[in-house]
Each structure stands twice: as C-alpha cells, then as structure tokens.
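If you read the protein sequences in the order shown, they are chains A and B. Take 1 as the starting number for the first sequence in the numbering used here and just add one per residue. Take 219 as the starting number for the second sequence in the numbering used here and just add one per residue. Yeah, the Cβ is synthetic: ideal placement off N, Cα and C, and Gly gets one too. The structure under discussion appears below in the form of structure tokens.
Number of protein chains: 2
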Amino acid sequence: MKAPDKTRKAILDAAELLFAERGYEGASLRQITSTAGVNIAAANYHFGSKEELLRATLTRRIGPVNEERLEMLAELGERRSAPKLEGILEALVAPALRLSRDQKRGGRVFMKLLGRIFADPGERLQALFLEQFDQIGGRFMPAFQRALPKLPPVELMWRMHFVIGVMAHTMADTQKLKHISRGACDPDDTEGIVRRMVAFLAAGMRAPVAPEGKGGVK
Amino acid sequence: MKAPDKTRKAILDAAELLFAERGYEGASLRQITSTAGVNIAAANYHFGSKEELLRATLTRRIGPVNEERLEMLAELGERRSAPKLEGILEALVAPALRLSRDQKRGGRVFMKLLGRIFADPGERLQALFLEQFDQIGGRFMPAFQRALPKLPPVELMWRMHFVIGVMAHTMADTQKLKHISRGACDPDDTEGIVRRMVAFLAAGMRAPVAPEGKGGVK
DNA sequence: CATCGTTTCAAACGACCGTTTGAATTTTGG
DNA sequence: CCAAAATTCAAACGGTCGTTTGAAACGATG
C-alpha cells in the first residue's frame, strides 16, 4: 500500500497544478499523467474519469480548510463575550488564504484552482460546492446574524455573497494585482491581505442598509 | 454588406452564449457555428481563429460599457461639489450590472462570460484586460483618491481589487445565490443589487486602515 | 515459492478538435 | 449584364481528446 498511494498523490498534484493553470477543459489527462510521471491509464484506473479526478483534487484540500474554519469559529464561541464580526470574518477567510503559505498543502496553486473552478459553473460541480457551502454557510450565517442582529437576513445573504466574491477573486488572482500596482501590492503578504480583507469586509457588513432609491419598488 | 454582417452577428451571439456557458476550451467552434446556423468555416473566415473570435466577443460589449462608465464619472465631476464615493462606485459598477437587463446588448449571458473569463488567466487575454483596465483604472483611481484623501494609495489599490472581486463574482453567478437563499435573493433585481453593492463597497472603502497585527512586520 | 489480487504499461478505440482547401454561390461595381 | 470580388459550403487535414483493453510486472499472503 505504498506505491499505489504514491501514484495517486503524483496524479493529484499534477492535476491540481494543471487544472489551476489551464482550467478543467484546458488540461488534458495526457498532460497531467505525463507531468506526474505515470502512465495515462493510471488516471482512469485510480479515479475512474477526468471529472472524478477533479472532484478528488478539490475535496483533498477543501475538507481540512473547512475544518479549520469551523474550529476557529468554535473557539470564538468559547470566549466570554459575544463573537466579534472581525473574528467571524477571519475564521471564514484566513484558512483559505493561508493555504498560500503552506506549500506542503498545495499552496497558491490550489488557491488559483479553487478561485477558478468557483467561477466555472461546471454543472456537475455545483452539487459539490453547494454541499460544501451548506456545511460552512449553515454555521457562519447564524454567527453573522448574532454579530449583526439588526441586519435583515436577505441583506446578510447578499453580503455573504459579496464576501465570497472578494475571497474568490483574491484567491484566483495572485499576480495580476502586483503588475498593475507596479509592485506596490505584495500578493505574498498573506497576513497583510487577511488584515486588509477583514477590515474591508467588516465595514461592508456593518454598512447601513441602503433605502430603496428613487426608482420604483420593482 | 448585409448578409456577411448577419453571419458575423450570428456567430458572435452564439459564441457569447457558449463561451459563457462552457468556457473557452469547453465550447467548440462546431457547437458555436451550428448554434449560429452557419457553416463552420465561416468562423475562421470572419474571425481568423477561435481566440480572435473570443477577443471579438469581448470587445463588442466591453467598449460601450467602459464608455458609459467614463460618462457617468465625467458627469459627477461637473457638479459643484466634489464627487461622492457612492457616485464613483456606482459609475464603476452599475454600467456592467445593467447589461443584465438589456437583453439586446447580450444581457446576462455576457455578464457570465465576462466574470468567467476574468477568473480565467488565459495568458493571451491578460493583455486585453490590462489595456482595458488602464483605461478605467487610470480614470477611477484619481477619483477615488480625491474622495478618500486620507487612504494610502497602496490600500486604495487593494480595495479596488476587492471591489472588482465583488463585481466579477456577482456578474459570473446569477442563479447560484437564488438557490442557496431559497429564492430570498432575486438576481434579476439589478437596481437592488447595485444599491446593495454600492452600500457594501462604500463602507468597505471608508473602513479605517487596519494596523499591522501582533504578527511581525514581515 | 507459488498464488492471486493489485497495479502498471503500451497500444489502440472512436470521437471530436481547430483549421484549411477548393469549388460553388452570392454580391458588388463598372 | 457581366466580370471580379466576397462569401458560403461540403469535405477533408492532422492532432489530440477521454477512455478501454489485455497482457506484463508487482506485492502481499498462504
């Protein structure tokens, strides 16, 4: 039970890299298995199909991240005072972003993949994301609701949607911003990004609900 | 000069639809031309290659949106008082989101495509986006800077990055949120989304700059 | 050491890909 | 109205795709 696992890992690593770099359709099994240094048939032998390989690539990383999120959230609940909004946001955002520092767990490559697949409404993967979201959203929503008791639930949902957008976009794009800012913004400064993101998002979450404008009620 | 333009338009419409639905690699020229009801060779005849077809699909819509953005921004400058942050954000965000209502200009289909391609670091398209961004970013950055004189430029760049993330994610995903909110959030209520987004983003932009935490200065 | 289930491998499968060709057809301009 | 240019079309090009096959190599177990 040593060699097979080594092959599996090699394929998953290569798939993670190439799916992130070229997208699901853009990366071929031949490129993946050749990068992994294994025969092409090994991919179908171990994972059944290309789509299940993508699935395995995602679940390998997402699980631990979500566990870390829930742990951080649980720790907040154990304090004497009610959880602060900033703490909840950090519990939601930091575990995903910190992956970038931990190259052993896939690092920035997986961030890119996740941000990319998230924008990719690949039918079959919707189910995977929805089920993951239920785990996370189901726990974070009440926490947010408690930290923002005056915010109507519908507004909260929209704002969580915005939060996810900031997270996904920042995760998907690690280098573009560095270029357009001419080096002023450092995408490797994970803790700085978390700090900035939490500040930005907390303010957005606390924003007063905008009244319906001049336009009709619709 | 009638039939050729009709063919061009049919191909662009079909390409827009299928690129949005399945991604660049996922949509084939055969599917596109067949949807358009034209011969497959017409695609290469009129556009040269698949990549240039994608390019044409994007530029057809982006140009007018950016013009509208700059117009709205210019109008703000003509008022007696200094432009308000909310106005600038709306000028940046609303023209793109309002595409969703205007089915004649591609509607939600193009929103999806744009959000998708944006998350797709397709090498060759980076240039196109960077050049579009220079047009827009070059004009909006000073406006933001004037509305937020105390915000350091580096922080401003990060926050513009966050703004783009919210925009891209909301544009790319039109229906997912409706499902997970069990219908409570209506993705067709464009003006409501603009209102909520501007409120959220304005608060985020105005957030006090978070001091560096306990962690080292890095 | 022989056995049997597991894993690897080269080769091939049919399907679809983006692109090109050259002849037919339509449109244009004198 | 007719030559010339622009456009459409069926067909084929060489390649690559995801997947399957059946035999060879391997590993654990008795």
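Review point. So, helix, strand or coil for V256 of chain B, using DSSP?
Key: Taking the first residue of the second sequence as position 1, residue 256 of chain B is located at position 38. The answer is coil: DSSP assigns V256 of chain B none of H, G, I, E or B.
Review point. Grouping DSSP H, G and I as helix and E and B as strand, with all else coil, what is E212 of chain A?
Key: The residue you call residue 212 of chain A lines up with position 212 of the first sequence. Coil at E212 of chain A, not helix or strand.
Check your understanding: With a cut-off of 9 Å, does the C-beta of M385 of chain B fall near any C-beta of chain A?
Key -> Within the second sequence, the letter at position 167 stands for residue 385 of chain B. Yes, its Cβ sits closer than 9 Å to a Cβ of chain A.
Check your understanding: List, in order along the chain, the chain B residues whose C-beta lies closer than 9 Å to that of M197 of chain A?
Key -> Looking up residue 197 of chain A in the first sequence gives position 197. Near M197 of chain A (Cβ distances below 9 Å), the residues of chain B are W376, F380.
Point to revise | Spatial distance of M141 of chain A from I164 of chain A (CA atoms) | key: Your numbering for residue 141 of chain A matches position 141 in the first sequence. Your numbering for residue 164 of chain A matches position 164 in the first sequence. Cα-Cα distance, rounded: 13 Å.
Check your understanding: Can you tell me whether DSSP reads Y242 of chain B as helix, strand or coil?
Key -> Against the second sequence, residue 242 of chain B aligns to sequence position 24. Here Y242 of chain B sits in coil by DSSP.
Practice item. Say whether chain B places a C-beta atom closer than 9 Å to the C-beta of I88 of chain A. Key: Within the first sequence, residue 88 of chain A is the residue found at index 88, counting from 1. No, I88 of chain A lies away from the interface with chain B (no Cβ there is under 9 Å from its Cβ).
Exercise for review: At 8 Å on the CB atoms, spell out the chain A contacts of S399 of chain B, in chain order.
Suggested key: If you number the second sequence from 1, residue 399 of chain B lands on position 181. Near S399 of chain B (Cβ distances below 8 Å), the residues of chain A are V154, M157.
Review point. What is the rounded straight-line gap between the Cα of R61 of chain A and the Cα of Q175 of chain A?
Key: Numbered from 1 along the first sequence, position 61 holds the residue referred to as residue 61 of chain A. Numbered from 1 along the first sequence, position 175 holds the residue referred to as residue 175 of chain A. If I take the Cα positions, the gap works out to 22 Å.
Review point. Can at least three beta-carbon pairs, one atom from the stretch 51-69 of chain A and one from the stretch 84-99 of chain A, be found at a separation below 8 Å?
Key: yes
Review point. Chain B partners of E75 of chain A, CB-CB under 7 Å?
Key: Walking along the first sequence from the start, residue 75 of chain A turns up at place 75. What E75 of chain A touches in chain B: nothing, since even the nearest Cβ is about 16 Å away.
**Study point:** Proximal residues of chain B, C-beta to C-beta of R225 of chain A below 7 Å
**Key:** Residue 225 of chain A lies beyond the stretch modelled for chain A, which goes from 1 to 218, so this question has no answer here.
Review point. Which residues, taken in chain order from the stretch 130-142 of chain A, show a beta carbon closer than 9 Å to some beta carbon of chain B?
Key: L130, F133, D134, G137
Review point. Chain B partners of F200 of chain A, CB-CB under 7 Å?
Key: Here the question's residue 200 of chain A lines up with position 200 in the first sequence. What F200 of chain A touches in chain B: R377, F380, G422, A425.
**Study point:** N- and C-terminal bounds of the alpha helix (DSSP H) containing L89 of chain A
**Key:** Against the first sequence, residue 89 of chain A aligns to sequence position 89. Where L89 of chain A is concerned, the enclosing alpha helix (DSSP H) stretches over 85-98.
Check your understanding: Hey, how far is the Cα of I136 of chain A from the Cα of E78 of chain A?
Key -> By 1-based counting over the first sequence, the position of residue 136 of chain A is 136. By 1-based counting over the first sequence, the position of residue 78 of chain A is 78. Near 18 Å, if we compare the C-alpha coordinates of E78 of chain A and I136 of chain A.
Review point. Are the Cβ atoms of I40 of chain A and R30 of chain A separated by less than 9 Å?
Key: Against the first sequence, residue 40 of chain A aligns to sequence position 40. Against the first sequence, residue 30 of chain A aligns to sequence position 30. Cβ atoms of I40 of chain A and R30 of chain A: closer than 9 Å.
Point to revise | Residues that L53 of chain A contacts on chain B, provided the C-beta gap is smaller than 7 Å | key: Residue numbering aside, residue 53 of chain A sits at position 53 when the first sequence is read from its first letter. What L53 of chain A touches in chain B: nothing, since even the nearest Cβ is about 16 Å away.
Review point. Under 9 Å, do T57 of chain A and L125 of chain A count as touching if we go by C-beta distance?
Key: By one-based count along the first sequence, residue 57 of chain A stands at place 57. By one-based count along the first sequence, residue 125 of chain A stands at place 125. Result no, Cβ atoms of T57 of chain A and L125 of chain A do not sit closer than 9 Å.
Exercise for review: Please report the Cβ distance between G324 of chain B and L201 of chain A, rounded to the nearest whole angstrom; I am assuming they are in contact, meaning their Cβ atoms lie under 8 Å.
Suggested key: As a first step, residue 324 of chain B must be located in the second sequence, where it is residue number 106. As a first step, residue 201 of chain A must be located in the first sequence, where it is residue number 201. Actually they do not touch by this definition, with Cβ atoms about 31 Å apart.
Exercise for review: Following the continuous alpha helix (DSSP H) through L156 of chain A, name the residue where it begins and the one where it ends.
Suggested key: Residue numbering aside, residue 156 of chain A sits at position 156 when the first sequence is read from its first letter. Segment 153-172, the alpha helix (DSSP H) holding L156 of chain A.
Point to revise | Per-residue contacts from L343 of chain B into chain A (C-beta, under 8 Å) | key: Residue 343 of chain B sits at position 125 when you count from the first residue of the second sequence. Neighbours of L343 of chain B on chain A: none; closest Cβ ~11 Å, over 8 Å.
**Study point:** Rounded C-alpha distance that separates E21 of chain A from K9 of chain A
**Key:** Within the first sequence, numbered from 1, the residue matching residue 21 of chain A stands at position 21. Within the first sequence, numbered from 1, the residue matching residue 9 of chain A stands at position 9. E21 of chain A and K9 of chain A: Cα-Cα distance of roughly 18 Å.
Practice item. Excluding the 5 residues preceding and the 5 following M72 of chain A in the sequence, name in chain order all residues of the same chain whose CB lies nearer than 6 Å to its CB. Key: Against the first sequence, residue 72 of chain A aligns to sequence position 72. Same-chain partners within the cutoff: A91.
Review point. Does the separation of the CB atoms of Y219 of chain A and G244 of chain B fall below 9 Å?
Key: Outside the displayed range of chain A (1 to 218) lies residue 219 of chain A, so it cannot be described from this structure.
Exercise for review: Specify, as a first and last residue, the run of the alpha helix (DSSP H) that P64 of chain A falls within.
Suggested key: As a position in the first sequence, residue 64 of chain A is number 64, starting the count at 1. That run of the alpha helix (DSSP H) goes 50-78.
Exercise for review: Examine chain A for any beta-carbon lying closer than 9 Å to the beta-carbon of L236 of chain B, and answer yes or no.
Suggested key: Looking up residue 236 of chain B in the second sequence gives position 18. Cβ-Cβ to chain A under 9 Å: no for L236 of chain B.
Check your understanding: Quick one: what's got a C-beta closer than 7 Å to A42 of chain A's C-beta in the same chain, skipping five residues either side?
Key -> Numbered from 1 along the first sequence, position 42 holds the residue referred to as residue 42 of chain A. The answer, listed in chain order, is T7, I11, T33.
Check your understanding: Does G433 of chain B get closer than 9 Å to chain A when you measure Cβ to Cβ?
Key -> For the purposes of this step, residue 433 of chain B is identified with residue 215 of the second sequence, where counting begins at 1. Note that G433 of chain B has pLDDT 43, beneath the 50 cutoff, so the model's placement of it is unreliable and the number below is only indicative. Yes, contact with chain A.
Point to revise | Local Cβ density within 10 Å of R450 of chain B, reported as buried at 16 or more and exposed below that | key: No answer is possible for residue 450 of chain B: it lies beyond the span of chain B, which begins at 219 and ends at 436.
**Study point:** Residue range of the unbroken alpha helix (DSSP H) whose run includes K394 of chain B
**Key:** As a position in the second sequence, residue 394 of chain B is number 176, starting the count at 1. First-last of the alpha helix (DSSP H) with K394 of chain B: 394-398.
Practice item. Report all residues from its chain with a CB closer than 6 Å to the CB of F118 of chain A; omit the five preceding and five following residues, and keep chain order. Key: Within the first sequence, numbered from 1, the residue matching residue 118 of chain A stands at position 118. If we look at F118 of chain A and ignore the five residues flanking it on each side, its Cβ neighbours are A168.
Point to revise | Any C-beta of chain B under 9 Å from that of A184 of chain A | key: Here residue 184 of chain A refers to the residue found at position 184 when the first sequence is read from its first residue. With 9 Å as the cut-off, A184 of chain A counts as an interface residue toward chain B.
Practice item. Using alpha carbons as the reference points, say which of B:M375, B:M389, B:T277, B:M415 lies closest to R182 of chain A. Key: Translated into the one-based positions of the first sequence, residue 182 of chain A becomes position 182. Among B:M375, B:M389, B:T277, B:M415, the Cα nearest to that of R182 of chain A is on B:M375.
Check your understanding: Name the residues in the stretch 33-58 of chain A whose C-beta lies less than 9 Å from a C-beta of chain B; which are they?
Key -> none
Review point. Going along chain A, which residues have a C-beta under 8 Å from A312 of chain B?
Key: Here residue 312 of chain B corresponds to residue number 94 of the second sequence, with the count starting at 1. Within chain A, no residue comes near A312 of chain B; the closest Cβ sits about 11 Å away, beyond 8 Å.
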